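These notes concern the structure reproduced below.
Residue numbers (my numbering): 71 to 120.
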């Protein structure tokens, strides 16, 4: 099980803001990139986080 620091940052920001778009903006990345990172993070743990 290997995940990147960026994926963890996206997860934490999404949890904090409860909104993937605002989380992405806070990390200076696109919403689609944040969604992708979060989806990969979820797949690695085989769970749905949001």
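We put the beta carbon where it would ideally sit given N, CA and C, even for glycine.
Quantities reported herein were computed from a predicted structural model and do not represent experimental measurements.
query: For residue 120, does the three-state DSSP call read helix, strand or coil?
result: By one-based count along the chain shown, residue 120 stands at place 50. It is coil, neither helix nor strand.
Contact set for residue 119: own chain, Cβ-Cβ below 6 Å, skip 5 residues either direction: Here residue 119 corresponds to residue number 49 of the chain shown, with the count starting at 1. Only 112 meet the Cβ criterion.
task: Please work out which residues of its chain come closer than 7 Å, Cβ to Cβ, to residue 101, disregarding the five sequence neighbours upstream and downstream, and give them in chain order.
output: The residue given as residue 101 occupies position 31 in the chain shown. Result list for residue 101: 90, 91, 94, in chain order.
field: Supposed close pair residue 77, residue 107 - CB separation, criterion 8 Å
entry: For this step, residue 77 is matched to residue 7 along the chain shown. For this step, residue 107 is matched to residue 37 along the chain shown. Rounded, the Cβ-Cβ distance is 5 Å, consistent with contact.
- prompt: Between residue 82 and residue 114, what straight-line distance do the alpha-carbon atoms span, to the nearest angstrom?
  reply: Here residue 82 is taken as the residue at index 12 of the chain shown, counted from 1. Here residue 114 is taken as the residue at index 44 of the chain shown, counted from 1. Going by the C-alpha atoms only, they are around 16 Å apart.
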